[in-house]
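Novice: Take this structure, written in structure tokens, and hold onto it; I'll ask about it next.
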Amino acid sequence: MFQLQQALLQQLSSDRQALRKRSIMALSNLLALSDVTLYGETMDVVVQHLTAPGASTAQFRTMVQTCQNICKTTSRRFIKHLSRLVPVLVDYTMTTEDDELRESCIQAFETFVYRCPREITPFISHIVEAVVNYLKHDPNYTYDDDEEMDNISQMDTDGDSDDDDDEGNEYSDDDDMSWKVRRACAKCIEALILSRRDEIVKYLTSFGPLLISRFKEREDNVKWDIMHAYTALLSQIRNLIPNFSAICVPEENGDTKKNACGDVETITVKGGVLLRNALSMEQLETLQALDSQIPLLVKAISRLLNTKALKTKQYCFVLLTHLLRAYPGALGDEILHLTAGVSSAMNDRSLNTNVKIDTLTFLSGALCTHSPEKLHAYMDMLVPLIVRAVSEQFYKVAAEALTVTTSLIRVLRPVASEQGSFDYSPYVGSIYEAIIGKLKATDIDQEVKEKAITAAGLLVATFGDFLKDKLPTCLPIFLDRLRNEMTRLVTVKALTVIVNSPLSIPLNSILSDILLLLAEYLRKNHRTLKISTLNLLDSLVTNYKYDGLDGSEMMRVLQETPALISELDLQISQLTLTFLSHLVVAQPLIISYSLPEVLAAYVNLLQSSLLQGATLAASLNFILTLVQAEIPQKPSFEELLDQLTAPAYDNTSLHRQAYRSISACTAVVASASGEQNRCRNLAKKLSEQVVLKDTADGVRLFSLLAIGELGCTCPQTFDKFSPKPEELLVNAFNTTSEEMKTAASYALGRLALGNLEKYLPFLLEQINSQPKRQYLLLHALKEVIGSESGDSLAIEIFRPRIEQIWPVLITHATAGEEGTRNVVAECLGKLCLVHPEQLLQRLKKCVISPNPFMRATAVTAVKFLIVEQWTAIDDLLQSSMMHFLHAITDQDLNVRRVALIAFNSAAHNKPRLIRDLLPVFLPSLYSETVVKKELVREVEMGPFKHTVDDGLDLRKAAFECMYTLLETCLERLDIFEFITHMENGLKDQHDIKLLTYLMLARLTSLCPSQVLQRLDNLCEPLKTQIQARAKANAVKQENDKQDELRRAALRVVVALQRIPEADRQQQFADLLAIIRSSSEINAVYQLVERDAVHRLCTSDSVMEVE
1 MFQLQQALLQ QLSSDRQALR KRSIMALSNL LALSDVTLYG ETMDVVVQHL
51 TAPGASTAQF RTMVQTCQNI CKTTSRRFIK HLSRLVPVLV DYTMTTEDDE
101 LRESCIQAFE TFVYRCPREI TPFISHIVEA VVNYLKHDPN YTYDDDEEMD
151 NISQMDTDGD SDDDDDEGNE YSDDDDMSWK VRRACAKCIE ALILSRRDEI
201 VKYLTSFGPL LISRFKERED NVKWDIMHAY TALLSQIRNL IPNFSAICVP
251 EENGDTKKNA CGDVETITVK GGVLLRNALS MEQLETLQAL DSQIPLLVKA
301 ISRLLNTKAL KTKQYCFVLL THLLRAYPGA LGDEILHLTA GVSSAMNDRS
351 LNTNVKIDTL TFLSGALCTH SPEKLHAYMD MLVPLIVRAV SEQFYKVAAE
401 ALTVTTSLIR VLRPVASEQG SFDYSPYVGS IYEAIIGKLK ATDIDQEVKE
451 KAITAAGLLV ATFGDFLKDK LPTCLPIFLD RLRNEMTRLV TVKALTVIVN
501 SPLSIPLNSI LSDILLLLAE YLRKNHRTLK ISTLNLLDSL VTNYKYDGLD
551 GSEMMRVLQE TPALISELDL QISQLTLTFL SHLVVAQPLI ISYSLPEVLA
601 AYVNLLQSSL LQGATLAASL NFILTLVQAE IPQKPSFEEL LDQLTAPAYD
651 NTSLHRQAYR SISACTAVVA SASGEQNRCR NLAKKLSEQV VLKDTADGVR
701 LFSLLAIGEL GCTCPQTFDK FSPKPEELLV NAFNTTSEEM KTAASYALGR
751 LALGNLEKYL PFLLEQINSQ PKRQYLLLHA LKEVIGSESG DSLAIEIFRP
801 RIEQIWPVLI THATAGEEGT RNVVAECLGK LCLVHPEQLL QRLKKCVISP
851 NPFMRATAVT AVKFLIVEQW TAIDDLLQSS MMHFLHAITD QDLNVRRVAL
901 IAFNSAAHNK PRLIRDLLPV FLPSLYSETV VKKELVREVE MGPFKHTVDD
951 GLDLRKAAFE CMYTLLETCL ERLDIFEFIT HMENGLKDQH DIKLLTYLML
1001 ARLTSLCPSQ VLQRLDNLCE PLKTQIQARA KANAVKQEND KQDELRRAAL
1051 RVVVALQRIP EADRQQQFAD LLAIIRSSSE INAVYQLVER DAVHRLCTSD
1101 SVMEVE
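Have a look at this one:
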């Protein structure tokens, strides 16, 4: 290997350029495999040549290119030599007269920044100074600040503008190589932007105006790279503010919605009015910096749009699209300056389709992200352009134009606005003719068909009153498309939009046929079609104002509904029950024909262990509506109750959730009947079933739950009632059945919820006087607090009772049982939501308690303070998070674990609560990723010794936090430090390995250059896991775990392969070779790869435009 190195070094001095280039490649690949000594000696030779006086420029350039290539192949080992090389290269860059040498130095800087982003930090200021200076390096041309863009427009030719010829086509002076320096600077700036997320505000402020000023660049290849660098800047802003709409104050009728967020502080930027407390300082500074640059950017782009270079125009619209994605609504005051360029791009017949598509994509973004009032002034210009594009023959242009048309329709007549002064009538006719032409066509691309149907549906829904004369022609086409298997789904969705229109569009001519087809679609084994069909049927029942829903066609639809009410698909069951509930109200007569079958399916659903949440709520609403409606041949109260409760009496193997569902349903039927005597008789029967000794366990369980539900929905039932329901429920705690105790606890909570005045004092007294029943009684209290804390009206009723509840909870916050403490923590957290100003301060005092159980309970309570929607407690909580999260450094293992869980909850649901605290807490978080020997112990189990790791749950919580931070706070992480600690998980236990593999796969898409630098370190544990085998005597569970880990590791390999140049890393190439050499491993790898491709193709993510 030494001789090979010597030979290659010698060839670096060859007179033949091709030989030097191949020698550089060979040497860099050789060093990837060399030992430390040979590597060091080679780098010494390279440095010696770079610092030797009197060497030729060509030799210097060769050595700089050698450094660049060695860094690409061995970035980890190259790091230690940066301090020797970078100052030399910076010096060459600033002093040399040779532009090609300067270009090579700047290209080397680009590679160093990508491959060694952390270690290059000390030299960044020098690199930035160099690229900023030489981005403007054009010694053979003098730019006129006022007219340079116009001059360039005149200079542009429409010849080979699309070619990416590095040599350029517009130079008469072949010796001028300064354009290569400028292009290298643009690419280096892009590298700095992409590799240093933490410097986004600084780079936006320093690079942004510079890049915009250089849009006047006369050489197209350089200009495109400069625009690409600014696009990278916008992409980083989008990563920094991923969900811009979530921090905006909503608008109504073009004005910011009054009192949308009470007295919350807002701030106005070009994109709209933002919630100040939802923005970090970094995000705010970024938006303000971008605000100042937008006028300059638009002015520069509007001039570029006058050029004849097709690719320049295309890049302009791509850049503008990225701007709107990063900063929606940013062009509100600047659109006027772009209209001429848009019109030119859409009207010029010489343009290729890519430019038109990119122009339309920009228009779609502009129409979607700006208020209609700001766009109405441009309709005279935009509508004819879009209409003409819809009529284009090329399917991609037509499809994109139809997408723009849907946005255009919403702008012309916003659904939310009142009848305004804007006259849309001149435009509707031409839009209709363009869309109807595509709607009628049958020999067009499928994508165009679908988008034409969508656009036509929105057009009819928005302008149906204006297009009355056109409906007889238009609606039958929808019916034809509904019959077609390829277009039926999108047509169902389009008809739903029409039916939901506030204009009440009549569908009499096609309604009966539609209903028959919908009945047929409910039988199809096509889930998405069923869901869309049910949505359309529900819209028809609730919003359609005309006749036609009470005939035989609707009866056909009803015949199909019982089969849809099943636990096999709870979402479809929920939609079906919602549709039936609305139908009972709208058409009570027609449902009577199918009611027996519907009720039979309903009773089967009640027996499901999965029935809860939204589907349970829909089922209870259905039975409530059914009882209250006047329906012919409806079962009597007793008959209906017997049918619904029969499973509780007859089926001894019901799941406990089924008992809850049936009991809730029973209470709803009783309270909906409106007769107090019926409720009291039912309560008496239920009480007897609880008391009688020979009552079956299932019946007693049902009776307990039904008493609680009846007390919640109809509390007056138990006024002066004997035996007292609370005593019945408490006595049930004496049984030996855990299910019975749990049911009694839940029922007691529901009972108290119905009448707080009567039952809450009883519940609190029981908690204090019955220490053996604390867990069950606290569960009952949790049911009360949890239900009340989510309702603003109930909160006001509940608030005076806080002083009774808080001391009881604090007393039991130090209970020895973890289950009891968890229930107390949930109660404390939800109680704080009721009165945050007072209770949050009390909770903070609990965190510094000397009792570790109290500290753990208080920190766990924080998790229940963090709810998805904005609440008044958020500002208070944000100022207190530092105090609560200090528990991450607690001495007690359990306190640290629950603190990490609370930290994870905040990072996932409301990352702004912890984003500014990351520099303080990340070191503590990372310290928990290491296996601590002092927490590992051996336990003797008979003749065997079993290893117990007390720190496993803590490490798992730490890695879960890291995974969440990767998704929500990426811009605040030092990726290299993150990867360093993540590597610990690759050698940990099963669950942690799986989590680490997920993180690593995610990192490959988010930070590919950083992962590439650490690839050598990552390959070894991946190789070990992929080659690992379970022991010969391993049980099936162990074998399954091993297979799961192997598949997860191979998914990571598939993700790593997508990183450019990953396969040039020797360690990774060896890993791929090992995988392919084993038929067993390769077979699994092929399956994993196919699955990854399938998921990539079917994902709903929007592809970024290059």
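FYI, the numbering for the sequence shown is 1 to 1106, going by UniProt numbering.
All C-beta atoms in this analysis are idealised placements derived from N, C-alpha and C, irrespective of residue type, glycine included.
In this text, all values refer to a predicted model and were calculated from it rather than measured experimentally.
If we ignore side chains and look at the alpha-carbon of each, how far apart do N755 and P715 end up?
Specialist: If you draw a straight line from the Cα of N755 to the Cα of P715, it is about 6 Å long.
Novice: Looking only at its own chain, which residues have a Cβ that is under 7 Å from the Cβ of K187, when we skip the five neighbours before and after it?
Specialist: E110 and D225
Novice: When you compare the region 1002 to 1011 with the region 1063 to 1071, are there three or more beta-carbon pairs, one atom per stretch, that lie closer than 8 Å?
Specialist: no
Novice: Looking at the secondary structure, which residues open and close the beta strand (DSSP E) in which F944 lies?
Specialist: F944 to D949
Novice: Here's a check: name, in chain order, each residue in its chain whose Cβ is nearer than 6 Å to the Cβ of K830, leaving out the five neighbours to either side.
Specialist: I785, G786, S789 and F864
Novice: Would K782 and C827 qualify as a contact pair, given that the criterion is a beta-carbon distance under 8 Å?
Specialist: yes
Novice: Rounded to a whole number of angstroms, what is the C-alpha to C-alpha distance between N169 and F215?
Specialist: In this prediction, N169 has a pLDDT of 45, which is less than 50 and means its spatial position is unreliable; what the coordinates show is noted afterwards. One C-alpha to the other measures close to 18 Å.
Novice: Quick one: which unbroken alpha helix (DSSP H) runs of 4-plus residues sit fully inside the region 655 to 739? Chain order, please.
Specialist: Taken in chain order, the whole alpha helix (DSSP H) runs of length 4 or more contained in the region 655 to 739 are 656 to 673, 676 to 691, 697 to 713 and 725 to 731.
Novice: For the pair the region 188 to 202 and the region 122 to 137, tell me if three or more CB-CB distances fall below 8 Å.
Specialist: Touching, yes, given that three or more Cβ pairs across the two stretches are closer than 8 Å.
Novice: Could you have a look at M941 and say whether DSSP puts it in helix, strand or coil?
Specialist: strand
Novice: Can you tell me whether V355 is helix, strand or coil according to DSSP?
Specialist: Correct three-state label for V355: helix.
Novice: Which residues in the same chain have their Cβ closer than 6 Å to the Cβ of R102, if we skip the five residues on either side of it in sequence?
Specialist: Around R102: T93, T96 and V181.
Novice: Looking at S573 and L534, is the spacing between their C-beta atoms short of 8 Å?
Specialist: no
Novice: For I267, write down the residues that DSSP places opposite it in a beta bridge.
Specialist: L274
Novice: For the alpha helix (DSSP H) containing V1035, list its first residue and its last residue.
Specialist: Unbroken run through V1035: none, as it is neither H nor E.
Novice: List the DSSP bridge partners of C248.
Specialist: L274
Novice: What are the residues that DSSP puts in a beta bridge with V936?
Specialist: D949
Novice: If you compare alpha carbons, which of D138, H655 and S83 is closest to F123?
Specialist: S83
Novice: Hey, how far is the Cα of S924 from the Cα of S880?
Specialist: 18 Å
Novice: Since D538 and F579 should fall inside the 8 Å C-beta cutoff, what is the C-beta to C-beta distance between them, to a whole number of angstroms?
Specialist: F579 and D538 do touch by the CB rule: their CB atoms are close to 4 Å apart, below 8 Å.
Novice: Rounded to a whole number of angstroms, what is the C-alpha to C-alpha distance between V383 and V415?
Specialist: 19 Å
Novice: Given a threshold of 16 other Cβ atoms within 10 Å of its Cβ, counted over all protein chains shown, does R488 qualify as buried or as exposed?
Specialist: Burial call: buried.
Novice: Tell me whether Y546 is buried or exposed, calling it buried when 16 or more other Cβ atoms sit within 10 Å of its Cβ.
Specialist: exposed
Novice: Starting from the N-terminal side, write out each stretch of the alpha helix (DSSP H) that is 4 residues or longer and does not extend beyond the region 753 to 817.
Specialist: 756 to 769, 774 to 788, 792 to 798 and 802 to 811
Novice: Compare the C-alpha of A246 against each of H228, I237, K223 and L274 and name the closest.
Specialist: L274
Novice: Pair every Cβ in the region 803 to 817 with every Cβ in the region 738 to 757, then say whether three or more of these pairs are closer than 8 Å.
Specialist: Touching, no.
Novice: Measuring only the C-alpha atoms, how far is A743 from L568?
Specialist: 26 Å
Novice: Per DSSP, what kind of secondary structure is T652 in: helix, strand or coil?
Specialist: coil
Novice: I need the DSSP call for M1, collapsed to helix, strand or coil.
Specialist: coil
Novice: Whose C-alpha, out of D91, F762 and L705, is nearest the C-alpha of E739?
Specialist: L705
Novice: Quick check on the burial criterion: 16 or more other C-beta atoms within 10 angstroms. Buried or exposed for residue 1112?
Specialist: The chain is shown from 1 up to 1106; residue 1112 falls before or after that span and cannot be answered.
Novice: What does the Cβ neighbour count give for G341, buried or exposed, with the cut at 16 atoms within 10 Å?
Specialist: buried
Novice: Whose C-beta lies closer than 8 Å to the C-beta of K72 among residues of the same chain, with five residues either side of it excluded?
Specialist: S28, T111, R115, E1061 and R1064
Novice: Classify R1058 as helix, strand or coil using the three-state DSSP reduction.
Specialist: R1058 sits in coil when the DSSP states are folded into three classes, being neither helix nor strand.
Novice: If you reduce the DSSP assignment to three classes, tell me which class K374 lands in.
Specialist: helix
Novice: Who are the Cβ neighbours of K440 in its own chain at under 8 Å, not counting the five residues just before and after it?
Specialist: I477
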